[in-house]
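Participant: Structure in structure tokens, see below.
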Amino acid sequence: MKHTEFALRRPVTTVVTFVALALVGLIAARLLPLEKFPDIEFPGIFIQVPYPGSTPEEVERLITRPVEEALATLSGVERMFSSSDEGQAQIFLQFGWDQSMGAKGIEARAKVDSIRHLLPEDIQRIFIFTGSLGDQPILQLRISSERDLSDSYDLLDRLLKRRLERIEGVSQVQLQGVDPREIRILLKPDRLVSHGIDIGELRELLLRSNFAVSAGKITAGDQRLSIRPRGEFESVDSIRNLTINEDGLRLHDVADIDLRTPDRNYGRHLDQQYAIGVAVSKTTGSNLVEVSDRVLAEIEKIGELPQMQGINIFSLDNQGDSVKDSLSDLLNAGLVGGLLALVVLYFFLRQVSTTLIVTASVPFSILITLGALYFFGLTLNILSMMGLMLAVGMLVDNAVVITESVFRERAEKDLSPREATIKGVREVGLAVIAGTMTTIIVFAPIIFGEETDIMVFLTHVAVTIIVALLASLLIAQTLVPMLAERVAVPPRPKPSGAMSRLTRRYERGLSWVVGHPWWSALGIFLICVIGVLPLALELVKFDAFPRDVGRRLYMPYHIEGQHSLETMEEAVDKVETYLYSRQEEFNIRSVYSYYDLERAESTLL
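Taken in order, the sequence shown gives residues 524 to 1128; the numbers are from this note's numbering.
Shown next, in the form of structure tokens:
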């Protein structure tokens, strides 16, 4: 045990080393990003091709099949799903967990671009997404008001969306349920026919008349001028007065031109008022809790603006609060567990100094683990906190064995404290290493084995436990012996004491087990049967994650067929009216509803 001898010869170096590691862990605890779940990249690519005004048959023939044939040549594709709907095509590619989605996303875009000439010319954009848990919105807001907000896009974009996007750590802010106004040109068929106007030529004229390009530069002496012809429409009247033929016919002569809000095919209600959704996403690596707190603080300032009077902003889903509550519960459970472990240790060791030496391995190991998580690029989330909590009970095992062996050598043999300490560590050192490694080897396959959807999450638990156990092993064979050498040997328990009586009962029980091997084997077998029986009878339910039972009830509607938006809204209004008529009886704080042409759902808070 060279490292033990070094720790005994260099006590100051040993203490300074572990104090420095603990300080690094304290700093890392402040720098570690807080998340509910680790930011894991899903092994899939989602391709969306909007094609408004088309039928599902046209989408499948013109878009879905050519794109599928191009993407099928990608390597590593395990499954491919596609759907051809009215107005868009959607394709999902599933890969293995060992694939890099960043590289695969670039390859997928290159494959789609290679067959771009085979797709319809009027396709404007092709969306290719690669996602992870970190891409999910951290804050879901709902905006409601007694006045009509359907035409309030410019107001909300200027006063809410842009201000939130400037906050540090915010990557994207989406407004849902309100759209920017657009120009609608409603052609009159009889006028077109009477003036002999071709719709295709009219469309090309509109495209040519609205442009802004760079035409190069002109050098005149010592001056250089940039030429940029502009033909953009600056107002609705400029569109109305557009000349469409050689006879001086204007566009307003054959069409009605209006600046209006696009027709919606969905709606949202909050407290029986039309609501607008706001989804806030954070940047990669930023602290989820800090970002959500900064966003909420900015929302309070926005709510005080005169233009926002009468507009209510409600937080529907705040992951920051969820993370703080979950991590706080885990931290409290870990503190209670550590305190109980301290009480149990004192009950057996019966000496304050010895108990403190043993329990010193817990905070030092946890702080070293936090530092390792930071340098490994991991985050502090529910899974890593669970790993820390599971490791708390195992961190004192090595220290207890080492301390007991050292004190036994010092009490039974006439040796100097240093010689007895070295001998005590040597006698149990190999057993302590073997015991720690047998625990570590259980979690090692999670890190180095085949990656699956569950193993990717459990890696954060395994890394935390392994690092904590290795830190406790190092502390038990260096810092603990160095401190135990300087502490007096605990007195032997009195023959009439509780510890002596407990020891004698244990000896009698052990003698009975050794003397009755068949009965002992039968008892062990029955215990195993009792443990396996609930699994065999399917009395235990299996879930990837525990169900979160909170103050939220989701109530989906059973809709048959497709209905108009007005009909869906009437059904939602009827249900909401009933719920609010019994608000106190059902203990309802708020009701949020979403509906479109085919489905509806109300969320009771």
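Glycine included, C-beta positions come from ideal geometry on N, C-alpha and C.
(1) For E1008, count neighbouring Cβ atoms within 10 angstroms of its own Cβ and tell me buried if that reaches 16, exposed if not.
(2) To the nearest angstrom, how far is the alpha carbon of L641 from that of P589?
(3) Pop quiz: R941 and L557 are said to be a contact at Cβ under 8 Å. What is the actual Cβ separation, rounded to whole angstroms?
(4) Could you check what DSSP says for A778 in three-state terms: helix, strand or coil?
(5) For R787 versus Y1117, is the C-beta spacing smaller than 8 Å?
(6) From what residue to what residue does the alpha helix (DSSP H) around A665 run?
(7) Buried or exposed for T1090, going by 16 or more other Cβ atoms inside 10 Å?
(8) Do G1032 and H983 count as a contact pair if the criterion is CB distance below 8 Å?
(9) Quick one, which of P660, F899, P829 has its alpha-carbon nearest Q699's?
(10) Answer yes or no: do V803 and A864 have a C-beta to C-beta separation smaller than 8 Å?
(11) Using the Cα positions of V538 and A883, report the straight-line distance between them to the nearest angstrom.
(12) Count the C-beta pairs between the stretch 583 to 602 and the stretch 627 to 642 that are closer than 8 Å, then say yes if the count reaches three, no if not.
(13) Could you tell me which residues DSSP pairs with A1123 in its beta bridges?
(14) My assumption, with CB atoms under 8 Å, is that I998 sits in contact with L913. Please give the rounded CB distance.
(15) To the nearest angstrom, how far is the alpha carbon of Q796 from that of K684?
(16) Where I880 and N921 are concerned, what is the direct C-alpha to C-alpha distance, given to the nearest angstrom?
(17) Would you mind working out which of I905, A798, K805 sits nearest D852, comparing C-alpha positions?
(18) Kindly list the residues whose CB is nearer than 6 Å to the CB of P785, restricted to its own chain and excluding five residues on each side of it in sequence; keep chain order.
(19) Since L1076 contacts L1120 with CB under 8 Å, what's their CB separation in whole angstroms?
(20) Across the stretch 544 to 557 and the stretch 818 to 835, are there enough close Cβ pairs to call them in contact, namely three or more that are closer than 8 Å?
(21) Using DSSP with H/G/I as helix, E/B as strand and the rest coil, what is G567?
(22) So within the stretch 690 to 774, which uninterrupted alpha helix (DSSP H) runs reach at least 4 residues, ignoring any that extend past its ends?
(23) Taking the alpha-carbon of I799 as reference, which of D680, Y1029, V1003 has the nearest alpha-carbon?
(24) To the nearest angstrom, how far is the alpha carbon of R648 from that of V693?
(25) Excluding sequence positions up to five away, which residues of its chain have a Cβ less than 7 Å from the Cβ of E630?
(26) Can you check DSSP and say which residues form a bridge with F560?
(27) Of the residues L730, L793, E688, L1045, which one's Cα is nearest the Cα of E669?
(28) Who are G800's beta bridge partners in DSSP?
(29) In three-state terms, what does DSSP make of F650?
(30) Per DSSP, K805 forms a beta bridge with which residues?
Facilitator: The structure says:
(1) So E1008 ends up on the buried side.
(2) Here the alpha carbon of L641 sits roughly 7 Å from the alpha carbon of P589.
(3) Rounded, the Cβ-Cβ distance is 45 Å, inconsistent with contact.
(4) Taken through DSSP and simplified to helix, strand or coil, A778 comes out as strand.
(5) No, the Cβ-Cβ distance between R787 and Y1117 is not below 8 Å.
(6) Position check: residue 665 holds Arg in this sequence, whereas Ala was assumed. No alpha helix (DSSP H) holds R665; the beta strand (DSSP E) holding it covers 662 to 668.
(7) Flag for T1090 reads exposed.
(8) In this structure, G1032 does not lie closer than 8 Å to H983 by Cβ.
(9) Closest in alpha carbon position to Q699, among P660, F899, P829, is P660.
(10) Annotated as distal: V803 and A864, with beta-carbon spacing of 8 Å or more.
(11) About 12 Å.
(12) Short answer: they touch.
(13) Paired residues: Y1118.
(14) Not really, about 18 Å apart at Cβ, beyond 8 Å.
(15) So the alpha carbons of these two residues sit roughly 21 Å apart.
(16) Cα to Cα, the separation comes out at about 12 Å.
(17) D852 has its Cα closest to that of I905, out of I905, A798, K805.
(18) Taken in chain order, the residues that qualify are D702, E705.
(19) In fact, because the Cβ distance is near 24 Å, the residues do not count as touching under 8 Å.
(20) Contact fails: fewer than three Cβ-Cβ distances are below 8 Å.
(21) In the displayed model, G567 falls within a strand according to three-state DSSP.
(22) Those alpha helix (DSSP H) runs which fall completely within the stretch 690 to 774 and span 4+ residues are 712 to 718, 722 to 732, 759 to 763.
(23) Measuring C-alpha to C-alpha distances from I799 to each of D680, Y1029, V1003 identifies D680 as the nearest.
(24) Near 25 Å, if we compare the C-alpha coordinates of V693 and R648.
(25) Residues L597 of the same chain have their beta carbon placed closer than 7 Å to that of E630, with the five preceding and five following residues left out of the count.
(26) None, per the DSSP bridge assignment.
(27) Taking E669 as reference, the option from L730, L793, E688, L1045 with the minimal CA-CA separation is L793.
(28) Answer by DSSP bridge pairing, in chain order: R665, Q699.
(29) DSSP, reduced to helix, strand and coil, places F650 within a strand of the structure shown.
(30) In the DSSP output, where bridge partners are listed per residue, K805 has V693.
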